[in-house]
Structure formats: C-alpha cells, structure tokens
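Written out below as structure tokens is the structure these notes cover.
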Amino acid sequence: MDFLFGRRKTPAELLRQNQRALNKAMRELDREKSRMEMQEKKVIAEIKKMAKQNQMDSVKVMAKDLVRTRRYIKKFIIMKANIQAVSLKVQTLKSQDAMAQVGMNC
5 MDFLFGRRKT PAELLRQNQR ALNKAMRELD REKSRMEMQE KKVIAEIKKM AKQNQMDSVK
65 VMAKDLVRTR RYIKKFIIMK ANIQAVSLKV QTLKSQDAMA QVGMNC
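The sequence shown begins at 5 in the working numbering and counts up by one.
Structure representation (structure tokens):
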C-alpha cells in the first residue's frame, strides 16, 4: 500500500519540512515589507511634488495611501515576529526531544 500513498515521513522529516516552510514565509514577508517601504518612499516623494504644485486633493488621497502602506508594513513586522516565535518554539521542542532521547539511552 505504500506505493499508492507514498511512504510515511518521519517526524524529523516533517519537522525539517515545516521549518523550511516557516523560513520561506519569513523571507517572503521580508521581501514584501521591502516592496512596501520602497512604495512608501515613492508616495512621500509624490506627496511633496503634489504639495509644491498646490494640488491638495491629490495630497489627501496620497496621504491616506501612505497611512495604509505604513499600517501594512507594521502588520508584516508583526506577522514575521509571530512566525519567528513559532519557529523558535518548534526548535525548542526539537531540542527537548533530543535531550529526552539522550536521557532514555543512558
């Protein structure tokens, strides 16, 4: 029956796979945060340009966009921190399991 469903993965393989997924998610969040920060700089420059041209309606709309962008950046930072916390917890459990295995072998 293994040939139908594939072989079962060991807990160590599952742990490694999950750690990779967590690391990948953190990298993606970093990339997205960087994109948002670049966009934030562009919006700030655009706001200054529009303000010099005295187009206050456009400035108001862009200011709202800037606030929204900053809020998203903050959310990305919080999400990354949460993923790091999960990753650290998984690593701690792995270490505790390894110590328990050593204790049983003595």
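The beta carbon of each residue, even a glycine, is placed where N, CA and C say it ideally should be.
In the three-state reduction of the DSSP assignment, residue 57 falls in the coil class. A straight line joining the alpha-carbon of residue 78 with that of residue 42 spans about 14 Å.
Between residue 22 and residue 94, the gap from beta carbon to beta carbon is short of 8 Å. Between the alpha carbons of residue 71 and residue 80 lies a gap of roughly 14 Å.
The Cβ atoms of residue 69 and residue 90 lie no closer than 8 Å to each other.
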